[in-house]
Amino acid sequence: ALRGRHHQEHPRTQMAHALPSLTYDYAALEPFVDATTMNIHHTKHHQAYINNLNTALDKHSELKSLSLEELNIKVTTLPEDVRTAIRNNGGGHWNHTMFWKWMAPVGSVNHAPIGSLKAAIDKDFGSFDVLKEKFNAAAAARFGSGWAWLGVKEDGSLGITSTPNQDNPMMDGVADVKMTPILGLDVWEHAYYLKYQNRRADYLASWWNIVNFDTVVELYDAQAKK
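Heads up: the sequence shown is residues 618 to 843, going by this note's numbering.
Now the structure itself:
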């Protein structure tokens, strides 16, 4: 009987990746990110990465025990027939899951660094303004589609980089600079085109108004304890 009961806990149902709910409405980030873009970005683009990731994992059920983070970190060691699909779609799923948490409606959170993160930014960059300048430069210089990142390097210092497509700095053997990301910005055109068209620089400038530094501080403090 025990075995039968255990058998009913279907591993596919438990392990399938699903679209996370947002903690705010699609219109809550207006006027900096418009409601239509948020809706399409979340329900269509993010959902597509999840569907494609689940399809890839169905081919290798042994990978279903790995967390989304582990799939990203170990991506270059995964079976060759699903490696690219997991790199693109597992990357897309992790990046977007975090992206929604890295934004919040104006006034609902800290929109600038505080505490130990502020001290680390002042130490590694000189000031928050310099960090924004360097981060925006990385985001603006990323040709085509990709992401800009602030992360904690292996020596504990902060770094800035950008990656193409849905890559991220956690991926071993993929990223130019190996880091644990604590803030990321999506510079794919689908993230801003309806409102900003080709004006990526305007999108970058606006985005800082809705960055959720409570999340960034939490991620930095978790890394600092390691």
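For every residue, glycine included, the Cβ atom is placed at its ideal position computed from N, Cα and C.
As the structure is a computational prediction, the values presented were derived from the model and not from experiment.
Inset, instruction - Report the rounded CA-to-CA distance for residue 774 versus residue 672, giving the unit in angstroms. - result: 37 Å
Inset, instruction - For residue 743, count neighbouring C-beta atoms within 10 Å of its own C-beta (all shown protein chains included) and say buried if the count is 16 or more, exposed if not. - result: exposed
Legend entry - Per DSSP, the bridge partner or partners of residue 766: 778, 801
Legend entry - Selected residue, minimal CA-CA separation from residue 669, among 650, 710, 812, 687: 710
Inset, instruction - Leaving aside the five residues before and after residue 771 along the sequence, list all residues of the same chain whose C-beta is less than 7 Å from its C-beta, in chain order. - result: 795
Inset, instruction - Give the secondary structure of residue 692 by DSSP, where H, G and I count as helix, E and B as strand, and everything else as coil. - result: helix
Inset, instruction - Decide yes or no for the touch test of the segment 729-749 against the segment 816-832: beta carbon pairs closer than 8 Å, at least 3 of them. - result: yes
Inset, instruction - Determine the contact status of residue 685 and residue 703, defining contact as a CB-CB distance below 8 Å. - result: no
Legend entry - Where residue 796 sits in the DSSP three-state scheme: strand
Inset, instruction - Look at the alpha carbon of residue 809 and the alpha carbon of residue 820, and state the distance between them as a whole number of angstroms. - result: 7 Å
Legend entry - Inter-residue spacing [alpha-carbon to alpha-carbon] between residue 836 and residue 785: 16 Å
Legend entry - residue 658 and residue 807 closer than 8 Å at C-beta: yes
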